[in-house]
Structures are given as structure tokens and as C-alpha cells.
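FYI, in numbering that gives the first Met the number 0 the residues of the sequence shown are 0 to 435.
Idealized CB from N, CA, C, for every residue including glycine.
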Amino acid sequence: MRSGVDQAVKDLTKKHKGDHCALVRSACAFMVHICQDEHRLFYQFFAKQSAQLIIYMEGLCTILYDTLRPYIIRIDHLETLAEICSILKVEMLDEHVSYSPEPLEAFAKIVYQLLQDVQERIGFRAQNYLESDIRNYRPSAGDLAYPEKLEMMESIALSLQENQYAQHQLRRVDSRSSIASGMSLASLETTQTTTDPALRRSGNSPADMHGMWYPTVRRTLVCLSRLYRCIDKSIFQSLSQQALTHCIYSVSTAAGQIAQSRTTIDGELFEIKHLLILREQIAPFRVDFTAKETSLDFSKVRTAAYELLQKRKQLFSLGSNNALLEFLLDGTPQVREQLLDSRKDVDRQLKLVCETFIKDATKQLVGPVLTFIEAAQNHLRNQPGGGKTAAVAAAGSAATLTATASGQSTGMALRMAPFAAPQQISSIIQECLRNI
């Protein structure tokens with residue numbers, strides 16, 4: 000029987016060469032039938048349960064494990080590994096084994112071992128993928144074409160809506176002409192206004208489609224969605240923490256490159272957009288995106304070693320001030336545990352970028368006003384009694400220009416300063432209005 004099962008499994012490997020998912024599914028289904036038939040045949044001759052039957056069927060199922068494992072440990076694609084994991088976990092354990100637990104007891108043990116091997120392989124390949132394809136991703140010129148890419152997609156969306164509107168109008172021209180006599184001019188204008196493409200643009204713009212996301216953001220979310228149902232919760236928490244950390248780093252790096260080639264505002268808007276996407280898309284995952292990081296703190300070791308060298312004469316002291324004993328007690332490395340929360344990292348980075356964006360946008364729009372306010376504050380601080388508030392200092396109408404020996408002004412009122420002339424202030428206001 001063992002040789003027949005071995006040959007049948009080998010035939011399946013030849014039949015499904017190159018298709019690992021089909022091989023796993025067909026080989027496992029074959030072993031399910033073998034185990035059920037052997038169990039049924041045994042109880043047709045014997046009434047009592049025997050441990051020898053379990054040992055015998057475990058030997059048959061080991062053939063399945065020995066055949067499939069070499070294929071599994073050589074698979075590199077996460078998609079294939081995730082599908083195999085789903086086959087073993089859902090189709091075999093949750094469906095077949097749960098409905099026939101006794102006949103498939105030996106089969107369940109072997110499938111569980113295979114599942115652990117697949118999950119281990121997924122974890123290894125996922126770490127390599129996150130490092131190579133997300134953190135170390137090298138963007139192309141098209142990936143960094145912001146905001147040109149968004150503007151192009153918006154123009155395409157607008158043209159498509161206009162074409163759809165024109166076709167819709169052609170189809171309705173006959174019906175409109177037939178009912179126009181019964182409608183007022185105002186009613187017709189209202190109908191045309193509500194169907195205007197510019198007023199009925201929806202939020203489903205092509206610029207919001209997944210294809211417009213930065214590649215590392217899309218890859219991170221696709222990877223997490225595949226791993227979510229395949230691996231254990233603890234392993235997923237660790238991998239998800241790494242994935243989000245690498246993704247935040249990648250997006251921040253890309254934003255810096257956009258800021259160098261375009262403008263700082265463009266880079267910040269790019270980063271805000273993708274951090275918002277990332278925060279929204281990880282919300283459905285019902286797991287805690289935290290990981291405990293354990294490290295050793297050797298800061299006290301150096302201090303203790305230095306004190307040991309300073310107390311060489313006390314190395315062999317028999318009292319409590321023995322230098323070697325103090326080194327062993329004080330120089331022990333400290334174990335430190337730190338909780339890393341990826342969700343909070345996304346929120347923290349988003350808050351930081353938003354604050355920077357607000358600061359830069361304010362400077363770009365009303366920068367001249369800010370410069371004037373700073374100059375006015377410096378002028379008032381340099382006046383006699385500069386500790387007063389700006390309002391009190393500005394109210395000193397009796398202040399006049401008093402020249403010192405060095406030529407510096409010490410008593411000029413703010414309204415008398417050259418930079419505070421009405422013409423200068425008017426020019427500043429006009430420039431800010433143009434920026435806005």
C-alpha cells in the first residue's frame with residue numbers, strides 16, 4: 000500500500016508540474032480519500048479502535064509531507080504561499096477534518112505540520128519582500144510625477160464626464176422637445192444646471208483609484224491583506240509593524256525627492272495624501288499593530304568598567320567595597336522593553352507633516368505680513384523700555400528720532416520706521432492678496 004501511495008503522489012507531481020497550488024490541493028484530496036477508505040475498511044473487520052491504525056495511516060500521510068515540503072520551501076511568491084496556506088487551513092483542516100475528525104486524525108497532524116512550514120516560509124519571504132520592494136524601493140520618474148499625474152487624471156475624468164453628458168443630452172433631445180411646451184424657461188434652465196458636468200462631479204475620480212497610489216503604499220496594503228488570513232495573529236502583528244514602518248519611510252523619502260524636484264508644498268501634499276490612505280486602509284484589520292522590542296542597555300557597563308580601572312588596588316579586597324564585586328553588580332546590562340505601535344507612528348508622522356505644511360503654506364501666502372510683524376517686534380524690543388508690550392511701546396506718540404554717537408536710532412516710533420510707511424504696508428497687503 001505504501002508503494003502505491005508513493006507512486007500516486009509522484010504521478011500528481013508530474014501532472015501538476017509548475018502549479019504548486021493545484022498539486023497541494025489534489026495531493027491532499029487524494030490522501031483524504033485514502034485515509035477515509037482505510038478507516039472504513041478497518042472497521043469492517045475489527046470493532047475496537049487500535050493505535051496501530053493511527054500509526055499506519057501516519058506512515059502513509061508522511062509520504063505526502065515528504066513530497067510536498069521540498070516544493071514549499073523553494074516557493075518565493077507570497078501569492079502562491081498565501082493560497083497554499085488557505086488550501087491547507089480552510090479547505091483541509093476547517094472543512095474535511097472538521098467533518099471527519101476520527102478518520103482524518105493522522106492526516107490532520109501532517110497537514111498541520113505542512114501549514115507551519117508554509118507559515119514559516121511566508122514570514123521569511125515577507126520580511127525579504129518588505130525590505131527589498133518597499134523600504135529599498137527606487138521610484139521611477141513617473142512615480143514622482145506629482146502633481147502632474149493628478150492633474151492629468153483629473154483632466155481625463157472631466158473629459159469622460161463631458162462625453163457622457165453629451166451622449167446623455169443626445170438621447171434626451173427628443174423627449175425634451177416633446178415636453179418643452181409644457182415647461183417654463185426657468186424649469187429648463189434648472190434641468191440643464193443640475194446636469195452640468197462641472198456641478199455633478201462625483202468623488203470617484205480616477206486620481207483616487209488604487210493605480211494612482213504610490214507603489215510602496217499599494218504593495219504594503221496588498222501584502223497585509225494577503226497575510227491577514229494566512230498566518231497567526233502574533234506573527235502578523237510583527238510583520239505588519241515592520242511593513243508600516245518601511246512604508247512610512249518610503250513615502251517620506253519620495254516626498255523629499257518631490258520637494259527637491261518640484262516644490263516643498265507638492266512634497267508635503269504627496270506625503271499627507273498617502274499617509275491618509277494608509278491610515279484609512281489599515282483600519283479594517285482587527286489586530287493590534289504593536290510589537291514589543293527588547294534590547295540591552297550597556298550604558299552602565301562602561302561606567303562600571305571605568306570605575307574598576309580606577310580601583311585596581313581594591314580588586315582583591317575582602318570587604319564590601321571590593322572593586323570586582325561592584326563591577327559585577329553595577330555593570331550588568333539592563334533589559335529594556337519598548338512597545339512599538341505602527342498606527343500611532345502613522346498618526347504621528349501625519350501630524351508632523353500637516354504642521355509643516357500649514358507653516359509652509361502660511362509662509363507662502365502671507366509671508367510678507369509675517370516678515371513685517373517680525374521686523375516690528377524687533378524694532379519695539381530695541382526701543383528704550385523694550386520690555387513693554389508692543390501696544391504700549393507703539394502708543395508712545397512723543398517718541399522721536401535720537402541719534403547716538405554710533406548712528407543707531409534709539410527713540411523712533413514704529414509708525415516713523417521706514418519699513419512701516421503706509422506705502423510699504425499697502426504693498427505688503429497687495430502682495431499677500433495676489434498670493435491668496
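From residue i to residue j, what does the alpha carbon distance come to, in whole angstroms?
i	j	result
glutamine 407	valine 368	The predicted model places glutamine 407 with a pLDDT of 43, which falls under 50 and marks its position as unreliable; any figure quoted below should be read in that light. Whole-angstrom Cα-Cα distance: 25 Å.
glutamine 6	leucine 80	25 Å
serine 233	leucine 77	18 Å
serine 426	asparagine 381	25 Å
leucine 129	asparagine 135	8 Å
methionine 56	serine 25	18 Å
serine 237	asparagine 127	14 Å
isoleucine 109	tyrosine 64	6 Å
glutamine 160	cysteine 27	52 Å
leucine 413	proline 421	12 Å
isoleucine 435	cysteine 222	42 Å
threonine 370	leucine 169	57 Å
glutamine 35	leucine 220	41 Å
lysine 9	arginine 39	25 Å
aspartate 142	tyrosine 213	7 Å
isoleucine 72	aspartate 116	8 Å
threonine 215	leucine 113	31 Å
By Cβ distance below 6 Å, which residues in the same chain neighbour residue i in space, the five residues on each side in sequence not counted?
i	result
leucine 243	Ser341
leucine 187	With a pLDDT of 40 at leucine 187, under the threshold of 50, the modelled position of that residue is not reliable, and the figure given next carries that caveat. Nothing meets the Cβ criterion.
glycine 122	Ile234
glutamine 356	Sequence inspection shows phenylalanine at residue 356; the glutamine mentioned does not correspond to that position. Excluding sequence neighbours, phenylalanine 356 sits near Glu267.
Between residue i and chain D, is any beta-carbon pair separated by less than 8 Å?
i	result
glutamate 57	Absent from the structure: chain D. Only one protein chain is present.
Is it right to say residue i is buried, meaning 16 or more other beta carbons lie within 10 angstroms of its own, or is it exposed?
i	result
histidine 209	exposed
glycine 3	exposed
lysine 272	buried
glycine 17	exposed
phenylalanine 269	buried
threonine 361	exposed
glutamine 118	buried
glutamate 354	exposed
Hey, out of the options, whose CA is closest to residue i's CA?
i	options	result
cysteine 229	Leu87, Leu63, Phe41, Tyr70	Leu87
leucine 277	Asp231, Arg347, His19, Thr263	Arg347
valine 23	Arg137, Leu67, Glu354	Leu67
leucine 436	Ser97, Ile71, Phe418	Missing from the structure shown is residue 436; the chain here goes from 0 to 435 and no further.
arginine 433	Val365, Phe29, Ala46	Val365
lysine 358	Cys431, Thr263, Ile54, Lys148	Thr263
arginine 120	Cys84, Tyr98, Phe41	Cys84
serine 260	Ile74, Ala140, Lys14, Glu90	Ala140
Got a sec? Which residues, its chain only, sit under 8 Å from residue i by beta carbon, not counting five neighbours each side?
i	result
aspartate 265	Tyr145, Pro146, Ile257, Ala258
Excluding sequence positions up to five away, which residues of its chain have a Cβ less than 7 Å from the Cβ of residue i?
i	result
aspartate 344	Leu243, Thr244, Ile247
Is there contact between the segment 244-255 and the segment 100-108, where contact requires at least three CB pairs shorter than 8 Å? no
Does the segment 274-288 come within contact of the segment 255-263, defined as at least 3 CB pairs closer than 8 Å? Taking 8 Å as the limit for Cβ pairs, the verdict is that the segment 255-263 does not touch the segment 274-288.
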